[in-house]
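S.K.: There's a structure below that I have some questions on.
There are 4 protein chains.
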Amino acid sequence: MICIFVTGGTFDKTYDEIEGKLSFRGTHLPEMLRLGRSRVAVSIETLMMIDSLDMTDRDRALIVGRCAGCGESRIVITHGTDTMVETAAAIARGVSGKTIVLTGAMIPYAFGSSDGLFNLGSALSFAGVLPPGVYIAMNGQYFVWNRVRKNRETGAFEEQEQG
Amino acid sequence: MICIFVTGGTFDKTYDEIEGKLSFRGTHLPEMLRLGRSRVAVSIETLMMIDSLDMTDRDRALIVGRCAGCGESRIVITHGTDTMVETAAAIARGVSGKTIVLTGAMIPYAFGSSDGLFNLGSALSFAGVLPPGVYIAMNGQYFVWNRVRKNRETGAFEEQEQG
Amino acid sequence: MICIFVTGGTFDKTYDEIEGKLSFRGTHLPEMLRLGRSRVAVSIETLMMIDSLDMTDRDRALIVGRCAGCGESRIVITHGTDTMVETAAAIARGVSGKTIVLTGAMIPYAFGSSDGLFNLGSALSFAGVLPPGVYIAMNGQYFVWNRVRKNRETGAFEEQEQG
Amino acid sequence: MICIFVTGGTFDKTYDEIEGKLSFRGTHLPEMLRLGRSRVAVSIETLMMIDSLDMTDRDRALIVGRCAGCGESRIVITHGTDTMVETAAAIARGVSGKTIVLTGAMIPYAFGSSDGLFNLGSALSFAGVLPPGVYIAMNGQYFVWNRVRKNRETGAFEEQEQG
Chain C
0 MICIFVTGGT FDKTYDEIEG KLSFRGTHLP EMLRLGRSRV AVSIETLMMI DSLDMTDRDR
60 ALIVGRCAGC GESRIVITHG TDTMVETAAA IARGVSGKTI VLTGAMIPYA FGSSDGLFNL
120 GSALSFAGVL PPGVYIAMNG QYFVWNRVRK NRETGAFEEQ EQG
Chain V
0 MICIFVTGGT FDKTYDEIEG KLSFRGTHLP EMLRLGRSRV AVSIETLMMI DSLDMTDRDR
60 ALIVGRCAGC GESRIVITHG TDTMVETAAA IARGVSGKTI VLTGAMIPYA FGSSDGLFNL
120 GSALSFAGVL PPGVYIAMNG QYFVWNRVRK NRETGAFEEQ EQG
Chain L
0 MICIFVTGGT FDKTYDEIEG KLSFRGTHLP EMLRLGRSRV AVSIETLMMI DSLDMTDRDR
60 ALIVGRCAGC GESRIVITHG TDTMVETAAA IARGVSGKTI VLTGAMIPYA FGSSDGLFNL
120 GSALSFAGVL PPGVYIAMNG QYFVWNRVRK NRETGAFEEQ EQG
Chain W
0 MICIFVTGGT FDKTYDEIEG KLSFRGTHLP EMLRLGRSRV AVSIETLMMI DSLDMTDRDR
60 ALIVGRCAGC GESRIVITHG TDTMVETAAA IARGVSGKTI VLTGAMIPYA FGSSDGLFNL
120 GSALSFAGVL PPGVYIAMNG QYFVWNRVRK NRETGAFEEQ EQG
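Residue numbers (my numbering), protein chains in the order written: chain C, 0 to 162; chain V, 0 to 162; chain L, 0 to 162; chain W, 0 to 162.
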């Protein structure tokens, strides 16, 4: 069984047709798993539904707490890409002995052309086989939490030497 | 680097609007990798473009030969689901020391609602981390080649005790 | 109020993932009208759900009968493109004083990339404003029933001099 | 021949994956006409690419000038829905003897689930057959420019008694 914690991010942004802007409503995770014909046993819990630029220390403490407290040892977290690395670091400091994979999307799933479905397949697979640790899964690749950065010009995640 | 071998299957079926039926043209793999913003280093080679029900021993021998002959030790093969297990068995008998993952789709990618993108993200991820062996990656799960069968009523792949 | 009669055709073909081929289930019309945010008052009635190559004289008699019998004077019929012209001719012989527009699609709506939504918007609009007569609406154009043919090489409908 | 003037609006909003917000790049019109297999003879000219809430009197004067100046008597204008009625009024005051149809979308076309393709089929069809006048085509319906308002709660256009 894999726990999926939803925190929002581009992954779950949707278009509010009355306001004419992007917003959050419910998560698309169940629909995406159905579309992918996923048969991975999962539980889905929405912890928050926010842009990761708005994520506070308090929000991160909640995420760390749920990772530590949940009964499963394999966890996937959907998260905005802008501060995914910071949240991964907070989890790494607070939780051990579990395989925790953060993933997200550059394009909202509600747009037809999302990388979210690809990343979700990838993150669930890495979560199922990687040893305990905190990872980021994006672009078909995985990175250990303290060896990755988001390149803000290209939007891609890249290996980075440990500081 | 991961070698991707394309053999056809539902994954790459497209709609021929003049004939009004399903057919094969080129592979959708490059477009799918672009959509998924994949940054996995891959080479793509189309070995054949057929329905897996039409796959012959000669076709399988070609696939086995390319798996053995290619310079990479990590391989993903897109394949029709109907005889995916047979091809996996042929590869397992003919190739060793490589991580080879077969994947496919229940719905053509050219249909908006395909499981193919999810499966591709999953297969590339399993191919990147699993130890040498021959596997089938479908529905977010992986199976060792000789412990899986396709349930023809539900369309899903299931664990099966070794014969 | 516009009556919509559904007869099948490419418009409503869907992919049967167990059998691996195209088939018919229910019509996509209500979903398409919702997607198009249509506010045209319509009633939808499925008369049959078949490939138009399989349409018999008996089927056509049923369509003509429903066109004549329904209480509305504006009608849209979704129909396979292969014999759309024949059905239009049968209706023209049997019904007068109503605006009847046949439309269809080259690509199933269930594929993301369908011309069906465009054609549906077009057909409903023509049905709302054209004078009584029998018309075919395809490719953004309308044709009087006896001045059109389907070009089987290109798949497009073309103006044709009356015989 | 129908002139299509592009002014922006939700129709052409796209997702900027680096900035994480909606923005404008080029118009999707040619792609949409291809998807709809449109065979209507059209010329496409982008006059501006803006949110209609940002449209100034100067912008409207430009639109009116192009409608008056272009050689065709049938015109479709894609436009944001928020001030579509104002622009229609400006055109009605400045241009006569032409059939001019404004249309738009509630959902960006770049999202898979847009009403834009439906509206485009509808607008081109109305533009082809309605007598000279200025109209708004939305939701499968058309409205004369001075008898319509946008309901800002529902997002739908509604008939309104002339003031």
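Beta carbons are placed, not taken as given, at the ideal position from N, Cα and C, and that holds for glycine.
Measuring alpha carbon to alpha carbon, tell me which of L:F156, L:E85, L:D81 and L:T77 ends up nearest G214 of chain V.
M.R.: What the structure shows of chain V is the stretch from 0 to 162, and residue 214 of chain V is not part of that stretch, so it cannot be assessed.
S.K.: Whose C-beta lies closer than 7 Å to the C-beta of N138 of chain V among residues of the same chain, with five residues either side of it excluded?
M.R.: Residue mapping note: residue 138 of chain V aligns to position 139 of the second sequence, counting from 1. The answer, listed in chain order, is A155 and F156.
S.K.: Comparing alpha-carbon positions, which option in C:I135, C:V75, C:R148 and C:V143 lies nearest I1 of chain C?
M.R.: Here residue 1 of chain C corresponds to residue number 2 of the first sequence, with the count starting at 1. For I1 of chain C, the nearest C-alpha among the options comes from C:V75.
S.K.: Just grab the DSSP bridge partners of L21 of chain V for me.
M.R.: Mapped onto the second sequence, residue 21 of chain V falls at position 22. Paired residues: V:Y14.
S.K.: Pick helix, strand or coil for E44 of chain V, following the three-state DSSP scheme.
M.R.: As a first step, residue 44 of chain V is located in the second sequence; it is residue number 45 there, counting from the start. Note: E44 of chain V maps to strand in three-state DSSP.
S.K.: Using only the alpha-carbon positions, how far apart do R146 of chain V and Q159 of chain V sit?
M.R.: As a working note, residue 146 of chain V is residue 147 in the second sequence. As a working note, residue 159 of chain V is residue 160 in the second sequence. Answer to the nearest angstrom: the Cα atoms are 5 Å apart.
S.K.: Report the rounded CA-to-CA distance for H17 of chain C versus T9 of chain W, giving the unit in angstroms.
M.R.: Numbered from 1 along the first sequence, position 18 holds the residue referred to as residue 17 of chain C. Numbered from 1 along the fourth sequence, position 10 holds the residue referred to as residue 9 of chain W. According to the sequence shown, residue 17 of chain C is Ile rather than His. A straight-line Cα-Cα distance of about 11 Å links I17 of chain C and T9 of chain W.
S.K.: Please compile the residues from chain V whose C-beta is within a distance smaller than 9 Å of the C-beta of M31 of chain L.
M.R.: Here residue 31 of chain L is taken as the residue at index 32 of the third sequence, counted from 1. None at all; the shortest Cβ gap to chain V is about 13 Å.
S.K.: Roughly how far, in whole angstroms, is the beta-carbon of V63 of chain V from the beta-carbon of G93 of chain V, given that I think they are within contact range, below 8 Å?
M.R.: The residue given as residue 63 of chain V occupies position 64 in the second sequence. The residue given as residue 93 of chain V occupies position 94 in the second sequence. Rounded, the Cβ-Cβ distance is 4 Å, consistent with contact.
S.K.: Identify whether M137 of chain L lies in helix, strand or coil by the three-state DSSP scheme.
M.R.: Sequence index remark: in the third sequence, residue 137 of chain L carries index 138 (1-based). Note: M137 of chain L maps to strand in three-state DSSP.
S.K.: Run through DSSP, which three-state label would F117 of chain L get?
M.R.: Taking the third sequence and counting its residues from 1, the one referred to as residue 117 of chain L is at position 118. It is helical.
S.K.: List the residues of chain V whose Cβ lies closer than 9 Å to the Cβ of R36 of chain C, in chain order.
M.R.: Locating residue 36 of chain C in the first sequence gives position 37, where the first residue counts as 1. The answer, in chain order, is A104, M105, I106, D114, F117, N118, M137, N138, G139, G154 and A155.
S.K.: Thinking just about the alpha-carbon of each residue, which of W:Y14, W:Y134, W:I49 and W:M31 is nearest to the one in L116 of chain L?
M.R.: Numbered from 1 along the third sequence, position 117 holds the residue referred to as residue 116 of chain L. Looking at the Cα atoms, W:M31 is the closest of the given residues.
S.K.: Could you tell me the distance, in whole angstroms, from the CA atom of A136 of chain L to the CA atom of T98 of chain L?
M.R.: Along the third sequence, read from residue 1 onward, the residue named residue 136 of chain L stands at position 137. Along the third sequence, read from residue 1 onward, the residue named residue 98 of chain L stands at position 99. One C-alpha to the other measures close to 12 Å.
S.K.: Buried or exposed: P29 of chain W, going by 16 or more other Cβ atoms within 10 Å of its Cβ?
M.R.: Reading the fourth sequence from its first residue, position 30 is the one you call residue 29 of chain W. Exposed.
S.K.: Do you know whose CA, among W:T45, W:G120 and W:V84, lies nearest R151 of chain W's CA?
M.R.: Indexing the fourth sequence from 1 puts residue 151 of chain W at position 152. Among W:T45, W:G120 and W:V84, the Cα nearest to that of R151 of chain W belongs to W:V84.
S.K.: Which residues does DSSP pair with G7 of chain W in a beta bridge?
M.R.: By 1-based counting over the fourth sequence, the position of residue 7 of chain W is 8. In DSSP, G7 of chain W forms a bridge with W:I49.
S.K.: Could you give the distance in angstroms between the alpha-carbon of F110 of chain L and the alpha-carbon of D15 of chain L?
M.R.: Counting from one through the third sequence, the residue named residue 110 of chain L turns up at place 111. Counting from one through the third sequence, the residue named residue 15 of chain L turns up at place 16. Whole-angstrom Cα-Cα distance: 13 Å.
S.K.: Following the continuous beta strand (DSSP E) through T98 of chain L, name the residue where it begins and the one where it ends.
M.R.: Against the third sequence, residue 98 of chain L aligns to sequence position 99. First-last of the beta strand (DSSP E) with T98 of chain L: T98 to T102.
S.K.: Per DSSP, what kind of secondary structure is F156 of chain V in: helix, strand or coil?
M.R.: Stepping through the second sequence from its first residue, residue 156 of chain V is reached at position 157. Note: F156 of chain V maps to strand in three-state DSSP.
S.K.: Can you tell me whether DSSP reads R36 of chain C as helix, strand or coil?
M.R.: The residue you call residue 36 of chain C lines up with position 37 of the first sequence. Coil at R36 of chain C, not helix or strand.
S.K.: Spatial neighbours of V41 of chain V within its chain, please: C-beta separation below 6 Å, excluding the five flanking residues on both sides.
M.R.: Indexing the second sequence from 1 puts residue 41 of chain V at position 42. For V41 of chain V, where only same-chain residues beyond five positions count, the Cβ hits under 6 Å are I1 and I3.
S.K.: Quickly, what does DSSP pair I76 of chain V with across the bridge? List them, please.
M.R.: Along the second sequence, read from residue 1 onward, the residue named residue 76 of chain V stands at position 77. For I76 of chain V, which the question treats as bridged, DSSP gives the partners V:F4 and V:L101.
S.K.: Helix or strand or just coil, what does DSSP make of F142 of chain W?
M.R.: The residue given as residue 142 of chain W occupies position 143 in the fourth sequence. F142 of chain W: strand per DSSP, three-state reduction.
S.K.: Please name the residue, chosen from L:G120, L:V133, L:P131 and L:G132, that lies closest to R36 of chain L on a Cα-to-Cα basis.
M.R.: By 1-based counting over the third sequence, the position of residue 36 of chain L is 37. Comparing Cα positions, the closest option is L:G120.
S.K.: Pick out whichever of C:S72, C:T153, C:R73 and C:M105 has its Cα sitting closest to the Cα of L34 of chain V.
M.R.: Taking the first residue of the second sequence as 1, we reach residue 34 of chain V at position 35. Per the Cα distances, C:M105.
S.K.: Does the beta carbon of F165 of chain V come closer than 8 Å to any beta carbon on chain C?
M.R.: There is no way to answer for residue 165 of chain V, as the model of chain V reaches only from 0 to 162.
S.K.: Answer with yes or no whether the minimum CB distance from G111 of chain W to chain L is below 8 Å.
M.R.: For the purposes of this step, residue 111 of chain W is identified with residue 112 of the fourth sequence, where counting begins at 1. Chain L contact via Cβ: present.
S.K.: Measuring CA to CA, which of W:D114, W:T13, W:K12 and W:G132 is closest to A89 of chain W?
M.R.: Along the fourth sequence, read from residue 1 onward, the residue named residue 89 of chain W stands at position 90. If we check each option's Cα against that of A89 of chain W, W:G132 comes out closest.
S.K.: Let me know the secondary structure DSSP gives R151 of chain V once reduced to three states.
M.R.: One-based indexing of the second sequence puts residue 151 of chain V at position 152. Correct three-state label for R151 of chain V: coil.
S.K.: Below 8 Å between beta carbons: does that hold for M47 of chain V and G7 of chain V?
M.R.: To locate residue 47 of chain V, count along the second sequence from 1; it is residue 48. To locate residue 7 of chain V, count along the second sequence from 1; it is residue 8. Yes; because the gap between Cβ atoms is below 8 Å, this pair is in contact.
S.K.: Mind checking whether L52 of chain W and H78 of chain W have CB atoms under 8 Å apart?
M.R.: As a first step, residue 52 of chain W must be located in the fourth sequence, where it is residue number 53. As a first step, residue 78 of chain W must be located in the fourth sequence, where it is residue number 79. For L52 of chain W and H78 of chain W, no; Cβs fall outside 8 Å.
S.K.: Taking 8 Å as the threshold (beta carbon to beta carbon), is K20 of chain L in contact with chain V?
M.R.: Reading the third sequence from its first residue, position 21 is the one you call residue 20 of chain L. Interface residue, yes.
S.K.: Can you name, in chain order, every residue of its own chain whose Cβ lies under 7 Å from the Cβ of D114 of chain L, other than the five neighbours on each side?
M.R.: Looking up residue 114 of chain L in the third sequence gives position 115. Excluding residues within five positions, the ones whose Cβ falls inside 7 Å are A104, M105 and I106.
S.K.: Span of the alpha helix (DSSP H) holding M54 of chain L?
M.R.: Here residue 54 of chain L refers to the residue found at position 55 when the third sequence is read from its first residue. First-last for M54 of chain L: undefined, no H or E at that position.
S.K.: Spatial neighbours of R24 of chain V within its chain, please: CB distance less than 7 Å, with the 5 preceding and 5 following residues excluded, ordered by chain position.
M.R.: Within the second sequence, residue 24 of chain V is the residue found at index 25, counting from 1. Hits under 7 Å: T13.
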